[in-house]
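**Q**
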Amino acid sequence: MSAPAPLPLSGVRVIDLTRILSGPFCSMILGDLGAEVVKIETPGGDPVRKQGHRVEGLSWYFAGFNRNKSSVELDLRNPEGVAVLERLLAGADILTENFRPGILDRMGLTEERLRQINPELIVVSVNGYGSDGPYADRPAFDFIAQAMSGYMATNGTPDTGPLRTAPPITDVVAGLYAALGAVAALRGRENGGPAQRVEASMMMSMMSMLAYLTSNALATGRDPVPTGNDHPIASPYGLFRASDGDIAVAPSTDRIVEKFLGELGLGHLLTDPRFASNEVRLRHRAELNALINEALAHDTQEGWITRLNAAGVPSGRVQSVTEALADPQVAAQDMVLRVPHEGRGEVGMIGFPVKFSKTPLQVRHPTPELGAGGRDALRTAGFDEAEIDALVAARRAGRRNHLRRCRNRAPQP
Numbered sequence: 064m065s066a067p068a069p070l071p072l073s074g075v076r077v078i079d080l081t082r083i084l085s086g087p088f089c090s091m092i093l094g095d096l097g098a099e100v101v102k103i104e105t106p107g108g109d110p111v112r113k114q115g116h117r118v119e120g121l122s123w124y125f126a127g128f129n130r131n132k133s134s135v136e137l138d139l140r141n142p143e144g145v146a147v148l149e150r151l152l153a154g155a156d157i158l159t160e161n162f163r164p165g166i167l168d169r170m171g172l173t174e175e176r177l178r179q180i181n182p183e184l185i186v187v188s189v190n191g192y193g194s195d196g197p198y199a200d201r202p203a204f205d206f207i208a209q210a211m212s213g214y215m216a217t218n219g220t221p222d223t224g225p226l227r228t229a230p231p232i233t234d235v236v237a238g239l240y241a242a243l244g245a246v247a248a249l250r251g252r253e254n255g256g257p258a259q260r261v262e263a264s265m266m267m268s269m270m271s272m273l274a275y276l277t278s279n280a281l282a283t284g285r286d287p288v289p290t291g292n293d294h295p296i297a298s299p300y301g302l303f304r305a306s307d308g309d310i311a312v313a314p315s316t317d318r319i320v321e322k323f324l325g326e327l328g329l330g331h332l333l334t335d336p337r338f339a340s341n342e343v344r345l346r347h348r349a350e351l352n353a354l355i356n357e358a359l360a361h362d363t364q365e366g367w368i369t370r371l372n373a374a375g376v377p378s379g380r381v382q383s384v385t386e387a388l389a390d391p392q393v394a395a396q397d398m399v400l401r402v403p404h405e406g407r408g409e410v411g412m413i414g415f416p417v418k419f420s421k422t423p424l425q426v427r428h429p430t431p432e433l434g435a436g437g438r439d440a441l442r443t444a445g446f447d448e449a450e451i452d453a454l455v456a457a458r459r460a461g462r463r464n465h466l467r468r469c470r471n472r473a474p475q476p
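Quick note on numbering: the sequence shown equals residues 64 to 476 in the working numbering.
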């Protein structure tokens, strides 16, 4: 039996200094693609290990962004920890970090120092606003980046005002762009180009996702009007009400609008001057939506979704997260995985949205416990057993000191 084909990034080594969300999402993507990712954690671990819903001590918030990694616990506030990190970097292809600009320099890991350690190292930075400009030093979180990028102002309606999107979308998009940049920089290096720094920021990544909304604003000088579940430039389009609940319908062309209204028995409306073209339908959207809802009330969600999709009209039910996870299409795409986790049996994880026909991606390592896989990572970097034992002992001492500091900071009764 032949050995399985290598994954796309097999043989690529990533030293991961990221924490919280945007950076870990980037490094997880690289790990999913086959890279060996070594997550460097401060004594006590990534702060997210203690956040969100936990089962038997494992934070599922943390688990969502940290599979396919090993963990090494290092105190980078002392020179010994930085020296270990430098040895790890000497054999790495990529360093990922999401500190505020300037933090690496203060640790002694300036651009010049990193080039001395490893001239071929690609440095991938994820931050809030970019490494220069008037906001470079500001702290950033998803909520702030949604607000600052213009994205929040496009959600909701004039009545609701700006609305936040529930998932941490600016973190995820910045992490995704950073991973794309990392792969592109690797390819550039293979083509004979220089190793370089790659940067993705939450605010700028989110602005790029506004797509035609920014193009229209640049062309007209006007802000887009938030339209809620309706489409700003297409009608009919949005959420409509069947007899037993909402359905989403997206007729994106005149031909599909004709099919949609025909299935509802409303084809005659296209000869009505109020609805004869998309331009006039936008002005009479409320009237048209009311007529559509009246027609949809005569059948169920499933009845209409079956009919409309058969006619070539894109439509679907509004599902909760648990309903989506149980959807047969999600199962067919292997998007819910059951992964053995030491001490916890099988745990559920979301799968890989990108499918490779010859080298399907896999969870090679479940979310690591703090320090799990660290010995192997250190051996790969050239540390001998005595050095590793000394580091483990120092780590335990550092963890005790960390716990002592936490207790001392705790409020007294």
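The beta carbon of each residue, even a glycine, is placed where N, CA and C say it ideally should be. Please read all numbers here as calculations on a predicted model, not as lab measurements.
#1: In the structure shown, what three-state DSSP assignment does E486 receive?
#2: Under 7 Å between the Cβ atoms of F323 and N356?
#3: Under a Cβ-count criterion, where at least 16 other Cβ atoms within 10 Å of its own Cβ denotes burial, should T430 be classed as buried or exposed?
#4: For the segment 92-101 and the segment 126-146, state whether three or more C-beta atom pairs, one from each stretch, are separated by less than 8 Å.
#5: Straight-line CA distance for F415 to L70?
#6: Using a Cβ cut-off of 7 Å (strictly closer), state whether I319 contacts chain B.
#7: For A349, which of V393, V320 and G301 has the nearest alpha-carbon?
#8: Count the other C-beta atoms from every protein chain shown that fall within 10 angstroms of the C-beta of V372, then say buried if there are 16 or more, exposed otherwise.
#9: Please report the Cβ distance between E160 and L167, rounded to the nearest whole angstrom; I am assuming they are in contact, meaning their Cβ atoms lie under 8 Å.
#10: Which complete alpha helix (DSSP H) runs does the segment 197-255 hold, if anything under 4 residues is left out?
#11: Out of V393, L276, L239 and L273, point me to the one whose CA is closest to A263's CA.
#12: Looking at A258 and C89, is the spacing between their C-beta atoms short of 7 Å?
#13: Identify every residue that forms a DSSP beta bridge with V77.
#14: Could you compute how far the alpha carbon of I83 sits from the alpha carbon of T334?
#15: How is A440 classed by DSSP in three states: helix, strand or coil?
#16: What do you reckon, are the CB atoms on L351 and P299 nearer than 7 Å?
#17: Considering only the beta carbon of each residue, do V145 and V101 sit closer than 7 Å?
#18: For E386, count the other beta carbons within 10 Å of its own beta carbon; 16 or more makes it buried, fewer makes it exposed. Which is it?
#19: Classify F419 as buried or exposed, calling it buried when 16 or more other Cβ atoms lie within 10 Å of its own Cβ.
#20: Taking a contact to mean a Cβ-Cβ separation below 7 Å, would you say A374 touches E326 in this structure?
#21: Note the first and the last residue of the continuous beta strand (DSSP E) segment covering S194.
#22: For the pair the segment 117-127 and the segment 264-276, tell me if three or more CB-CB distances fall below 8 Å.
#23: For M398, which of helix, strand or coil comes out of DSSP?
#24: Just to confirm, is the Cβ distance from A305 to T363 under 7 Å?
#25: Do you know whose CA, among A435, S85, G74 and A237, lies nearest E405's CA?
#26: Quick one: Cα of P67 to Cα of G74, how far?
#27: With a threshold of 16 other CB atoms inside 10 Å of the CB of Q475, please say whether the residue is buried or exposed.
#28: Using the three-state DSSP reduction, which class does F477 fall into: helix, strand or coil?
#29: I want to know whether the segment 282-289 touches the segment 250-257 - three or more CB-CB distances under 8 Å.
#30: Helix, strand or coil: how does DSSP classify G408 here?
#31: According to DSSP, I185 sits in a beta bridge with which residue or residues?
#32: Based on the DSSP output, what are the partners of D95 in its beta bridges?
#33: Give the single residue among I103, P87 and I319 whose Cα lies nearest to the Cα of L433.
**A** In short, the structure shows the following:
#1: Residue coverage of the chain in this structure runs from 64 to 476, which leaves residue 486 outside it and unanswerable.
#2: no
#3: With 16 or more other Cβ atoms inside 10 Å of its own Cβ, T430 counts as buried.
#4: Yes: at least three Cβ pairs fall under 8 Å.
#5: 13 Å
#6: Here there is only one protein chain, and chain B is not present.
#7: G301
#8: According to the sequence as given, residue 372 is Asn; it is not Val. It counts as exposed.
#9: With a Cβ gap of about 6 Å, E160 and L167 count as contacting.
#10: Within the segment 197-255, the complete alpha helix (DSSP H) segments at least 4 residues long are 205-211 and 232-253, listed from N- to C-terminus.
#11: L239
#12: no
#13: V100 and I157
#14: 56 Å
#15: helix
#16: yes
#17: no
#18: exposed
#19: exposed
#20: yes
#21: First-last for S194: undefined, no H or E at that position.
#22: no
#23: coil
#24: Cβ atoms of A305 and T363: closer than 7 Å.
#25: A435
#26: 14 Å
#27: Its pLDDT being 47, under 50, Q475 is placed unreliably by the model, and the measurement read from it follows with that caveat. Exposed, by the Cβ-count rule.
#28: Since the first and last residues shown for the chain are 64 and 476, residue 477 lies out of range.
#29: no
#30: strand
#31: In DSSP, I185 forms a bridge with I157.
#32: Partner(s): none; D95 has no beta bridge.
#33: That would be I103, whose Cα lies nearest to the Cα of L433.
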